[in-house]
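Numbering (the working numbering), first residue to last: 465 to 659.
Scroll down for the structure; my scribbles are underneath it.
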Ligand code: NI
């Protein structure tokens, strides 16, 4: 089932999300719905709060980075890695972020039609449960780390526009206000923001 995506201005996007206490059929169904919702919106990551659930879960599938990219931005090895990276992160905890900070042009399904360069460390060490509630601790780098960092922020009530310079944010404020008023809308299913 495709769920409506909550847009900038919705309070759930600003709340710290709650841990998921146990595996239930509802969580299984929610994971399926989150993937379906992410794919129809052509996203590479989607977090619980973005579908109105203040729960510590996000899904990632980085294949569209390769599919939607004709130019040779990636090496064969990177392409293979991105094409096959599909993962569910439940109750994740970032244990460490390190490496040189680098700029990547980020977008967000909750902030349609806005993209900005965001600086983040290149590596992330994260502990999480997968869709079967099995625990993992892994280190991710590059674009995969980037998607994880962006999605993890959603669980803390942080949006990528919080991580750009105050000057750039000021320039964007009009557009952000327009999203929250329902004046800028995406071409996928979304929740009409409260006026
Ligand atoms: Ni996002």
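For every residue, glycine included, the Cβ atom is placed at its ideal position computed from N, Cα and C.
Small disclaimer: the values here were computed from a predicted structure and weren't measured.
Beta-carbon separation (whole angstroms), residue i vs residue j, contact threshold 8 Å
{"i": "residue 485", "j": "residue 520", "result": "Residue 485 to residue 520, Cβ: 11 Å. No contact."}
{"i": "residue 644", "j": "residue 470", "result": "At roughly 11 Å, the Cβ-Cβ gap does not stay under 8 Å, so residue 644 and residue 470 are not in contact."}
{"i": "residue 566", "j": "residue 586", "result": "6 Å"}
{"i": "residue 494", "j": "residue 510", "result": "Not confirmed; about 11 Å, so no contact."}
{"i": "residue 636", "j": "residue 578", "result": "6 Å"}
{"i": "residue 524", "j": "residue 501", "result": "Their Cβ separation, rounded to whole angstroms, is 13 Å, which puts residue 524 and residue 501 out of contact at 8 Å."}
{"i": "residue 604", "j": "residue 487", "result": "Not a contact, Cβ separation roughly 24 Å."}
{"i": "residue 582", "j": "residue 624", "result": "5 Å"}
{"i": "residue 616", "j": "residue 554", "result": "Rounded, the Cβ-Cβ distance is 12 Å, inconsistent with contact."}
For residue j and residue i, the rounded distance between their alpha carbons
{"i": "residue 479", "j": "residue 618", "result": "9 Å"}
{"i": "residue 638", "j": "residue 569", "result": "20 Å"}
{"i": "residue 662", "j": "residue 632", "result": "A query on residue 662 cannot be resolved here, the shown segment of the chain reaching from 465 to 659 and no further."}
{"i": "residue 573", "j": "residue 614", "result": "11 Å"}
{"i": "residue 661", "j": "residue 609", "result": "Outside the shown range of the chain, which is 465 to 659, sits residue 661, and nothing can be said about it."}
{"i": "residue 513", "j": "residue 655", "result": "12 Å"}
{"i": "residue 612", "j": "residue 468", "result": "22 Å"}
{"i": "residue 634", "j": "residue 626", "result": "11 Å"}
{"i": "residue 658", "j": "residue 575", "result": "15 Å"}
{"i": "residue 558", "j": "residue 552", "result": "15 Å"}
{"i": "residue 534", "j": "residue 602", "result": "30 Å"}
{"i": "residue 629", "j": "residue 594", "result": "34 Å"}
{"i": "residue 606", "j": "residue 563", "result": "10 Å"}
{"i": "residue 540", "j": "residue 532", "result": "15 Å"}
{"i": "residue 652", "j": "residue 599", "result": "33 Å"}
{"i": "residue 584", "j": "residue 489", "result": "35 Å"}
Cβ shell of residue i (< 7 Å), same chain only, five flanking positions each side left out
{"i": "residue 528", "result": "506, 508"}
{"i": "residue 518", "result": "476, 479, 481, 482, 512"}
{"i": "residue 491", "result": "484"}
{"i": "residue 526", "result": "508, 546, 549, 607, 608, 611"}
Close-in-space but distant-in-sequence residues of the same chain around residue i (CB under 6 Å, 5 per side omitted)
{"i": "residue 621", "result": "478, 479, 480"}
{"i": "residue 571", "result": "579"}
{"i": "residue 465", "result": "497"}
{"i": "residue 640", "result": "472"}
{"i": "residue 560", "result": "589"}
Residues near residue i in its chain [Cβ-Cβ closer than 8 Å; skip 5 each side]
{"i": "residue 530", "result": "538, 543, 546, 547"}
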